[in-house]
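All remarks here apply to the structure that follows.
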Amino acid sequence: MLKRKDLLGLIDASKDEITEILDLAEEFKNRIKRGEKKMSYLDGKTVTVLFYENSTRTRTSFEQAAKYLGATTINIVAGNSSVAKGETLVDTGKTLDAQRNDFIVIRHPMGGAPYLLAKTVKAGVLNAGDGMNEHPTQALLDMLTMRETFGSLKGLKVAILGDIKHSRVAKSNLFGLKTMGAEVVMYAPETLIPKGIDQLGAKLCKSKKEALDGADVVMGLRIQLERQQAGAFPSLGEYAANYGVDEAALAYAKPKAIVLHPGPVNRGVELTSGVIDHERSHIEDQVLSGVAVRMAALKLLNDAR
Ligand code: CP
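Numbered per our numbering, the sequence shown spans residues 1 to 305.
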């Protein structure tokens, strides 16, 4: 049984906890597919979505998840709130707590912000992405998509290509996948690989072929365009040629390999359009997995209260 107040990262998530979330998410995903969108597990509860950064998928899927579970949802865009008048995160948290919010879903540009909020409030806190640190529900939805395809995560070779240094998705996937017994290999320009990631269990590859060879899962990560201006790599064209995945590169992976990307995708940079729209691309399915995983996380945290 998940016995946590908050879901802040996968760095300390056990195999049993991840399995429990994925099992329930799989059930929710099947129920959504059958058209069931009105459940009552969070009746009378309030979920506030507090985003200090832009989002399409994570914000809407958390809101959808809370609504499907019967909760009331409140959306706060930091730029339109008293944050713009200088209110601190701690004071914003205290205000939301005083209003008896049950859960706060936070995205913040500063790594660690959800941990600070969680220490401040009685509400359960869910990390929807904090700086370059973690994005736990993204990794859980990626793992759900993989597990549904292959039946198990154990022994899978997952190749992650892209801006690993600035990616919270890469780190949460590394923590979760290693715990579940998968192999994680990474390939990127050296300027986009964080120091010490190999000490955390990632295998760093010297070529795209080495990374993709025999992979079960090919995961592209978004190149943050400002990185090119900062000199992390020479040009988007060169990045795409050397580190991007096209159909020829995909052929190095196993014949049944799947393609994932957390989105938003830079078409033609991390992945070509042919790969994004390939029959083996599960990028759209990841989005539905996202709603289901966020439902499971909210329900299990609520059960633990
Ligand atoms: N994958 C992800 O976090 O997407 P958004 O930024 O659109 O939420």
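Every residue, glycine too, gets a C-beta built ideally from N, C-alpha and C.
DSSP bridge partner residues for residue i (one or two, in chain order)
| i | result |
| --- | --- |
| Leu126 | Leu7, Val105 |
| Ile160 | Met186, Met219 |
| Asn80 | Asn80 pairs with nothing; no bridge assigned. |
| Val245 | Leu271 |
| Ala281 | Strictly speaking, residue 281 in this sequence is Ser, with Ala absent from that position. Note: Ser281 sits in a beta bridge opposite Val259. |
Any non-hydrogen atom of the ligand CP closer than 7 Å to residue i Cβ
| i | result |
| --- | --- |
| Ser289 | no |
| Pro262 | yes |
| Gln224 | no |
| Gln138 | yes |
| Arg305 | no |
| His326 | The structure shown does not extend to residue 326, since the chain is modelled only from 1 to 305, so the question has no answer here. |
DSSP-derived helix/strand/coil call for residue i
| i | result |
| --- | --- |
| Val368 | For the chain, the structure presents residues 1 to 305; residue 368 sits outside this window and is missing. |
| Ile32 | helix |
| Ile193 | coil |
| Lys203 | strand |
| Leu2 | coil |
| Met235 | The sequence shown places Ser at residue 235, not Met. Here Ser235 sits in coil by DSSP. |
| Thr72 | strand |
| Leu153 | coil |
| Val265 | coil |
| Glu87 | coil |
| Glu134 | strand |
| Tyr14 | Inspection of the sequence shows that residue 14 is occupied by Ser rather than by Tyr. It is coil, neither helix nor strand. |
| Glu53 | coil |
Beta-carbon proximity list for residue i, same chain, < 8 Å, skipping 5 on both sides
| i | result |
| --- | --- |
| Met143 | Ile18, Leu22, Leu153, Asn173, Gly176, Leu177, Met180 |
| Ile106 | Leu50, Phe51, Tyr52, Ala113, Pro114, Leu117, Val125, Leu126, Asn127, Ala128, Asp130 |
Close beta carbons around residue i, own chain, < 6 Å, minus the five adjacent residues each side
| i | result |
| --- | --- |
| Val185 | Ala159, Lys203, Cys205, Ala211 |
| Thr48 | Ile74, Leu96, Asn101, Ile104 |
| Glu183 | Lys157 |
Nearest candidate by alpha-carbon position, reference residue i, set the options
| i | options | result |
| --- | --- | --- |
| Lys195 | Ala182, Val217, His166, Lys208 | His166 |
| Ala248 | Lys208, Phe51, Pro262, Gln229 | Lys208 |
| Lys256 | Thr60, Glu26, Phe233, Lys157 | Lys157 |
| Leu140 | Lys119, Ile164, Ala170, Lys122 | Ala170 |
| Leu225 | Leu298, Asn30, Asp102, Gly237 | Gly237 |
| Ile76 | Leu96, Val90, Arg57 | Leu96 |
| Gly220 | Pro264, Gln64, Leu300 | Pro264 |
Any non-hydrogen atom of the ligand NAD closer than 7 Å to residue i Cβ
| i | result |
| --- | --- |
| Gly162 | Absent from the structure shown: the ligand NAD. Ligands present: the ligand CP. |
Cutoff 7 Å; reference residue i; Cβ partners in own chain excluding five residues on either side
| i | result |
| --- | --- |
| Met39 | Tyr68, Leu69, Gly70 |
| Leu24 | Ala296, Lys299, Leu300 |
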